[in-house]
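Enquirer:
Residue numbers (my numbering): 10 to 164.
1. Do you know how far the Cα of residue 66 is from the Cα of residue 158?
2. When the Cα atoms are used, what is the spatial distance from residue 118 to residue 112?
3. Could you spell out the range, first to last residue, of the beta strand (DSSP E) harbouring residue 64?
4. How would you label residue 136, buried or exposed, when you count the other beta carbons within 10 angstroms and need 16 or more for buried?
5. Across which residues does DSSP place residue 147 in a beta bridge pair?
6. On the premise that residue 59 lies in contact with residue 129, defined as a C-beta separation below 8 angstroms, what is that separation, rounded to the nearest angstrom?
7. Considering only the beta carbon of each residue, do residue 123 and residue 63 sit closer than 8 angstroms?
8. So residue 95 and residue 83 are supposed to be a Cβ contact under 8 angstroms. How far apart are they, rounded?
9. Can you name the start and end residues of the alpha helix (DSSP H) that residue 163 belongs to?
10. Using the Cα positions of residue 126 and residue 142, report the straight-line distance between them to the nearest angstrom.
11. Who does residue 156 pair with in a DSSP beta bridge?
12. Distance check for residue 70 and residue 148, CA to CA, integer angstroms please.
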C-alpha cells in the first residue's frame with residue numbers, strides 16, 4: 010500500500026490545481042481509482058465513441074461532486090452500474106476478459122481523465138440508453154443533451 014503525504018481531498022481545492030497538495034491528491038486519486046473508474050465507463054459506454062465515454066465519465070464525476078462522495082462510491086453503489094450489480098452479469102465476464110492494452114480500453118481511460126477538464130453534458134448526473142423506454146426518474150429531471158445512444162439529465 011502506498012502511503013500518501015497528501016493532505017485535503019479533491020473537493021477542497023476547487024479550481025486551484027496549481028498547489029502541490031492538489032496535484033498530489035489528484036495523483037493519488039488516479040492511482041487508486043482510475044482502474045475502477047475506467048472499468049465502469051468501459052462497460053457502460055465502450056460502444057460509444059470517445060465523446061460518449063467522456064460523457065458517461067462526466068456523469069460519475071458530477072454525481073461524486075454533488076453528493077460529496079468518492080468516485081469509487083458512485084461506481085460501486087448498488088443498482089447504479091450493472092457490471093457491479095451481480096457476478097453473473099454478462100458485462101462482468103466481458104470485463105474480466107478484456108485486454109487492458111486494447112486500444113478501445115486505453116481510449117476509455119483517456120476519456121475518463123479528460124472528463125475532469127471538460128463537461129459537455131451540461132452538469133448531467135444521470136443518463137439512460139436510448140435503446141430502452143425512458144425511465145420514470147426522467148420526469149423529474151432536466152434533459153441536458155443526447156450524445157450517441159445516451160440521453161443525459163441533471164437532477
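C-beta atoms are modelled at their ideal positions from N, C-alpha and C, and glycine is treated no differently.
Quick caveat, the model's predicted, so the values are computed rather than measured.
Expert: Well, looking at it:
1. Residue 158 and residue 66 have their C-alpha atoms spaced approximately 15 angstroms apart.
2. In a straight line, the C-alpha of residue 118 is about 10 angstroms away from that of residue 112.
3. Annotation: residue 64 is outside any beta strand (DSSP E); the continuous alpha helix (DSSP H) that includes it extends over 59-76.
4. When all chains shown are included, residue 136 counts as buried.
5. DSSP, once it has assigned bridges, lists no residue as partnering residue 147.
6. That belief does not hold up - the Cβ atoms of residue 129 and residue 59 are roughly 12 angstroms apart, past 8 angstroms.
7. Between residue 123 and residue 63, the C-beta gap is smaller than 8 angstroms, which places the two residues in contact.
8. Incorrect: roughly 18 angstroms between the Cβ atoms, too far for contact.
9. Premise fails: residue 163 lies in the beta strand (DSSP E), 159-163, not in any alpha helix (DSSP H).
10. A direct Cα-Cα distance of roughly 31 angstroms separates residue 126 from residue 142.
11. Bridge partners of residue 156: 159.
12. Answer to the nearest angstrom: the Cα atoms are 23 angstroms apart.
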